[in-house]
Structure formats: structure tokens, C-alpha cells
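As C-alpha cells, the structure follows; a few thoughts come after it.
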Amino acid sequence: MSAIPPLGVRLPQDVKEKIKASALQNRRSMNAEIIVALESIYSSTKIHETKKADATA
Numbered sequence: 002m003s004a005i006p007p008l009g010v011r012l013p014q015d016v017k018e019k020i021k022a023s024a025l026q027n028r029r030s031m032n033a034e035i036i037v038a039l040e041s042i043y044s045s046t047k048i049h050e051t052k053k054a055d056a057t058a
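In this text, residue positions in the sequence shown follow the numbering used here: the first is 2, and each later residue adds one.
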């Protein structure tokens with residue numbers, strides 16, 4: 002069992018279908034697909050925030 006507690010999230014049906022299709026295409030579970038997408042969003046946000054902070058310093 003995973004040490005990570007589950008998180009219930011309600012998604013619109015069309016979003017769920019897009020995640021499922023993407024997961025199948027990438028040969029991942031829907032959970033893994035969501036994690037990859039969120040990590041991508043937050044890693045690019047951190048890069049953007051760092052550049053923004055450097056520009057104002």
C-alpha cells in the first residue's frame with residue numbers, strides 16, 4: 002500500500018475522458034497521468050516565479 006493518502010476530486014466528465022485518453026496513449030494509469038500533468042504545471046510555475054523574482058531584484 003502507498004503511504005500517500007488518497008485525494009477525492011470531482012471532475013467534469015469531458016475532463017475525465019481527456020485524462021483517460023491521454024493516459025492510455027502514454028501507457029500510464031489515470032493517476033500517473035494527473036501527477037505528470039500537475040508536476041509539469043508546477044515546475045514551470047516555479048521557473049516562471051524564479052525568473053520574475055530575479056527580474057525585480
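Virtual Cβ for every residue (Gly too), placed ideally from N, Cα, C.
Identify the continuous alpha helix (DSSP H) that holds serine 23 and give its terminal residues.
-> 14 to 26 is the span of the alpha helix (DSSP H), which, as asked, contains serine 23.
Look at the alpha carbon of proline 13 and the alpha carbon of tyrosine 43, and state the distance between them as a whole number of angstroms.
-> 22 Å
Tell me whether alanine 4 sits in a helix, a strand or coil according to DSSP, three-state version.
-> In the displayed model, alanine 4 falls within coil according to three-state DSSP, outside both helix and strand.
Integer-rounded CB distance, given that isoleucine 36 should sit under 8 Å from isoleucine 20 | Between isoleucine 36 and isoleucine 20 the Cβ distance is about 11 Å, and since that is not below 8 Å, they are no contact.
Taking DSSP as the reference, what is the three-state secondary structure of valine 10?
-> coil
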